[in-house]
Amino acid sequence: MLATVEPQAMECCVHSPCGRYLVRYRSDSQSIALDVRPKPAASDPSPTVRYVAVLHESHIGDITEAAGVRKDFAAFADMTYNAMIGRSPCVKFFIETCGEMRRRVASEVTQCQQGVPSTFLTIANSSQSSQNSQGNSSLPESTGKQRFFTLDYDVDFTRAMFPVPLTEETFLTRDLPGSVVPQERTVMPSCIPAGAAGSPCAKLSCSGNVNEEQFDRAIAVLQAENEKLKRENVALKLLCRDKMLEMQKLCDDFQKHVEKAHEVERLQKKLTLLRTQLVHVEEERDEALVRLKIEKQRSERSASSLNGSRSNRSTRHRSRFDTPPTSCIHASPQAALYDSPRARHVKINRESRSTTRNRSGSSEGLSPSLLRPWGKKRGSGAGSRSSSCSSCERLYRSPTANSLQRERRSPNCEARRAVFR
1 MLATVEPQAM
11 ECCVHSPCGR
21 YLVRYRSDSQ
31 SIALDVRPKP
41 AASDPSPTVR
51 YVAVLHESHI
61 GDITEAAGVR
71 KDFAAFADMT
81 YNAMIGRSPC
91 VKFFIETCGE
101 MRRRVASEVT
111 QCQQGVPSTF
121 LTIANSSQSS
131 QNSQGNSSLP
141 ESTGKQRFFT
151 LDYDVDFTRA
161 MFPVPLTEET
171 FLTRDLPGSV
181 VPQERTVMPS
191 CIPAGAAGSP
201 CAKLSCSGNV
211 NEEQFDRAIA
221 VLQAENEKLK
231 RENVALKLLC
241 RDKMLEMQKL
251 CDDFQKHVEK
261 AHEVERLQKK
271 LTLLRTQLVH
281 VEEERDEALV
291 RLKIEKQRSE
301 RSASSLNGSR
311 SNRSTRHRSR
321 FDTPPTSCIH
331 ASPQAALYDS
341 PRARHVKINR
351 ESRSTTRNRS
361 GSSEGLSPSL
371 LRPWGKKRGS
381 GAGSRSSSCS
391 SCERLYRSPT
401 ANSLQRERRS
411 PNCEARRAVF
421 R
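full-length UniProt numbering puts the sequence shown at residues 1 to 421.
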């Protein structure tokens with residue numbers, strides 16, 4: 001079984017942000033007590049008016065639900081205490097009237113709208129002025145003078161205001177510095193109508209003679225004022241809810257504007273990076289084109305130098321000791337005519353005519369180089385003569401040196417044997 005630990009009592013006394021009030025705060029496990037007293041002025045050193053409020057868990061549930069942010073009793077008590085001592089920068093408290101609350105909210109909205117476009121600012125101002133005029137017309141005069149203990153809650157794009165209405169009280173004797181709201185019933189001037197100022201109900205706290213009729217009249221007046229305060233409380237809840245929705249919308253629009261600005265900044269950075277990359281790529285492309293141009297010029301230069309060396313080699317002067325080519329084309333038509341087949345045939349016939357001998361075997365008309373030594377010997381017999389004849393036949397039948405030379409020069413012509421006539 002878990003033991004429940006009751007929260008400790010918290011108490012503090014601070015000055016309001018405007019500097020006109022002294023605020024005493026006290027909370028326990030069941031209620032929260034607020035005592036707001038105006039600071040003594042030079043004209044009135046001992047003020048007799050104070051503003052008090054006692055909140056229970058049901059009151060806190062209604063106030064937080066009307067603001068749109070549900071809080072339990074312990075969380076609301078801690079939030080109020082932290083706001084009063086200045087521990088949390090997200091929660092602040094104010095002692096103000098309805099008019100002061102509107103002016104403060106309008107100034108904060110104007111400050112938040114400094115980064116918003118002018119069109120949206122005009123629309124927001126027009127809607128705000130229309131709502132303010134409607135709120136001023138709907139609220140009665142007594143509500144405009146009533147003080148509120150307002151908690152301003154702003155955490156993680158969640159804005160809420162918790163207005164706690166303060167009840168005005170008068171006291172005849174000075175309380176102790178540590179005293180909080182007294183439990184006895186006192187007379188509130190705001191609860192008495194203007195026409196009933198001289199009625200016996202106004203003298204209820206001073207006179208000791210109390211009868212049934214006076215109590216009934218006082219109870220009726222208080223009930224009417226209670227109903228009036230309930231209606232005003234409902235109107236304040238609606239006004240607070242409208243303000244909360246408006247502030248939430250402004251916060252959402254501001255968040256969207258911030259996100260768009262962040263997106264624009266990111267796109268600008270990306271554009272700068274892409275431009276830098278584009279410059280690098282263009283530089284690399286220019287360098288590649290320059291290298292390609294240099295390589296092309298170098299290849300053209302090498303090709304032209306190679307063609308020049310070939311032309312110099314073909315036009316070089318030939319020596320007479322150079323070997324002529326195998327397939328040589330005759331330069332002059334006389335040489336071509338001399339090497340024709342008919343010219344070679346005529347030449348062969350002339351040579352054969354000059355080298356032929358008669359049938360008798362005489363050596364007349366022969367050149368001295370063709371004469372054989374055996375033709376000069378007279379003492380040779382028939383055997384030698386027959387051998388000489390056979391050798392001559394072999395000589396004439398065998399190819400000569402000139403015929404072999406002609407065959408080498410003209411391979412197309414065939415060698416022919418000597419014809420005996």
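All C-beta atoms, glycine included, are put in the ideal place defined by N, C-alpha and C.
Open item on the list: When you compare the region 29-40 with the region 101-112, are there three or more beta-carbon pairs, one atom per stretch, that lie closer than 8 angstroms?
Closed with: Segments in contact, no.
Task: Neighbourhood of CYS240 by C-beta distance below 7 angstroms, restricted to the same chain and skipping five residues each side - done: ALA66, ALA67, MET161 and PRO163
Task: Rounded C-alpha distance that separates LEU229 from HIS262 - done: Taken atom to atom, the span from the alpha-carbon of LEU229 to that of HIS262 is near 48 angstroms.
Task: Nearest-angstrom beta carbon gap, VAL49 and THR150 [assumed within contact, 8 angstroms] - done: Incorrect: roughly 19 angstroms between the Cβ atoms, too far for contact.
TODO: Kindly list the residues whose CB is nearer than 8 angstroms to the CB of ILE85, restricted to its own chain and excluding five residues on each side of it in sequence; keep chain order.
DONE: CYS12 and VAL14
Task: CB contact flag (LYS71, ALA83, <9 angstroms) - done: no
Open item on the list: Bridge partners for GLU246 per DSSP, in chain order?
Closed with: Answer is none; GLU246 lacks a bridge partner.
Open item on the list: Here's the rule: buried if 16 or more other CB atoms are within 10 angstroms of the residue's CB, otherwise exposed. What is VAL258?
Closed with: exposed
TODO: Select from GLN30, CYS98 and TYR51 the residue whose C-alpha is nearest the C-alpha of HIS59.
DONE: GLN30
Task: For PHE254, the three-state DSSP class (helix, strand or coil) - done: Correct three-state label for PHE254: helix.
Task: Neighbour-count burial assignment, GLY96, 16 or more Cβ in a 10 Å radius - done: For the record, residue 96 in the displayed sequence is Glu; it is not Gly. The residue in question, GLU96, is buried, as its Cβ has 16 or more Cβ neighbours within 10 Å.
Task: Between the CA atoms of LYS243 and ASP253 - distance to the nearest angstrom - done: 15 angstroms
Task: Cβ-based burial, PHE73 [other Cβ within 10 Å; buried from 16] - done: Classification of PHE73: buried, given that the 10 Å Cβ count is 16 or more.
Task: Proximal residues to PRO117 (C-beta, below 7 angstroms), its chain only, five neighbours per side dropped - done: Confidence at PRO117 is low in this model, with a pLDDT of 47, below 50, so the placement of that residue should be treated as unreliable; the coordinate-derived value is given next. None.
- [ ] Using beta-carbon positions only, say whether TYR81 and THR167 come within less than 9 angstroms of one another.
- [x] no
TODO: Report, in whole angstroms, the separation of the C-beta atoms of ASP152 and PHE94, which I expect to be a contact under 8 angstroms.
DONE: The C-beta separation of ASP152 from PHE94 comes to about 7 angstroms, placing the pair in contact by the 8 angstroms criterion.
Open item on the list: Between GLU155 and CYS90, how many whole angstroms is the CB-CB distance? I'm expecting something under 8 angstroms.
Closed with: Note on identity: in this sequence residue 155 is Val, with Glu being the wrong assignment. With a Cβ gap of about 5 angstroms, VAL155 and CYS90 count as contacting.
Open item on the list: Let me see if you follow: with CB-CB separation under 9 angstroms, is GLU96 close to chain D or not?
Closed with: Of the protein chains in this structure there is only one, and it is not chain D.
Task: Nearest candidate by alpha-carbon position, reference VAL234, set ILE63, ARG20 and ALA9 - done: ILE63
Open item on the list: Just list the residues that DSSP pairs ASP35 with in beta bridges.
Closed with: Beta-bridge pairing links ASP35 to ARG24 and VAL52.
Task: Strand pairing of THR170, partner residues [DSSP] - done: Paired residues: VAL49.
Task: The beta strand (DSSP E) enclosing THR150, as first and last residue numbers - done: 148-155
Task: Same chain, Cβ closer than 6 angstroms to SER16, neighbours up to 5 away in sequence not counted - done: VAL23 and ILE95
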